[in-house]
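*Asks:* Attaching a single structure in structure tokens format; questions to follow.
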Amino acid sequence: MLAPTYPIETERLLLRPLDPIGDVDAMHAYRSLPQVCLYVPFEPQTRDEIAERLADFERVRWAIDEPGQALDLAIVRKDTGDMIGDVLLMWHDRTNAELGYVVHPDHQGRGYATEAGRAMLDLAFDPRHGLAVHRVTARIDQRNPASAAVLSRLGMRQEAVLVENEWFKGEWSTEVDFAILDREWRASAR
């Protein structure tokens, strides 16, 4: 089980559970943008779609207690209090999890995704938090070098290129798999 104490604080960010009412507009501000949705598995979303998504108890969690569940947290800037994105940790099975993130374009290129991702890797690997997985993966569209750079900065290595493996938004997409092991994460945290 993973049940962190909130908010999770990093140098510049607070990570907290999504607010089903208070986060609708902030999430809509970036998830409605075509450039944000270009390489992620959803189309631009309407405000109503986001409100419905956040109203779904399964999507708004404070903890995860079984494989197949995800912890999707708001990324909030400490200095402004603004929600600028969300970061997700999907618990696949006893030993594996997956990392994902979406950041508003106005806040990209400043290291926020890396900072939020690092906090989520801490949750995934640190046995004090209860999950203690062996491996965390991330899968991105090959045409998204900014996301590849985030994963590299997190210490994740590229493991596979899946050429035209998924029909994605009207075309074949080549995806790239990244991963990091618990021992690699511990070594990098020194």
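Under our numbering, think of the first position of the sequence shown as 629, with each following residue one higher. Glycine residues also receive a C-beta, built at the ideal position from the N, C-alpha and C atoms.
May I ask you to list the residues that DSSP assigns as paired with Q786?
*Replies:* Answer is F806, bridged to Q786.
*Asks:* Should the region 713–727 be regarded as contacting the region 745–761, the criterion being three or more beta carbon pairs within less than 8 angstroms?
*Replies:* As far as the Cβ criterion goes, the region 713–727 touches the region 745–761, which means the pair count is three or higher.
*Asks:* Can you have a look at S820 and say buried or exposed, based on whether 16 or more other CB atoms are within 10 angstroms of its CB?
*Replies:* Past the boundaries of the shown model lies residue 820; the chain is included only from 629 to 818, so the question cannot be answered.
*Asks:* Can you list the alpha helix (DSSP H) stretches of 4 or more residues lying completely in the region 656–698, in chain order?
*Replies:* Entirely contained in the region 656–698, the alpha helix (DSSP H) runs reaching 4 residues are, in chain order, 662–665 and 675–683.
*Asks:* So, with DSSP's three-state summary, where would you put M769?
*Replies:* In the sequence as displayed, the identity of residue 769 is Asp instead of Met. DSSP places D769 in strand when its eight states are reduced to three.
*Asks:* On the three-state DSSP scale, how would you describe E743?
*Replies:* E743: helix per DSSP, three-state reduction.
*Asks:* Determine the DSSP secondary structure at D651, reduced to helix, strand or coil.
*Replies:* In this structure, D651 counts as coil in the three-state DSSP scheme.
*Asks:* Using the three-state DSSP reduction, which class does E812 fall into: helix, strand or coil?
*Replies:* Three-state DSSP puts E812 in a helix.
*Asks:* Is the beta carbon of R785 within less than 6 angstroms of some heavy atom of the ligand HEM?
*Replies:* The ligand HEM is absent from the structure shown, which contains no ligand whatsoever.
*Asks:* Which residues share a DSSP beta bridge with D721?
*Replies:* N724.
*Asks:* Where does P695 land, buried or exposed, given buried means 16+ other C-beta within 10 angstroms?
*Replies:* The residue is exposed, with fewer than 16 neighbouring Cβ atoms inside 10 Å.
*Asks:* Applying the criterion that 16 or more other CB atoms from any shown protein chain within 10 Å of the CB defines a buried residue, is R814 buried or exposed?
*Replies:* The residue in question, R814, is exposed, as its Cβ has fewer than 16 Cβ neighbours within 10 Å.
*Asks:* Helix, strand or coil, according to DSSP, for M629 in the structure here?
*Replies:* Three-state result, M629: coil.
*Asks:* Look up A778 in the DSSP assignment and say whether it is helix, strand or coil.
*Replies:* The sequence given here has Val at residue 778, not Ala. Of the three classes helix, strand and coil, the one that applies to V778 here is helix, per DSSP.
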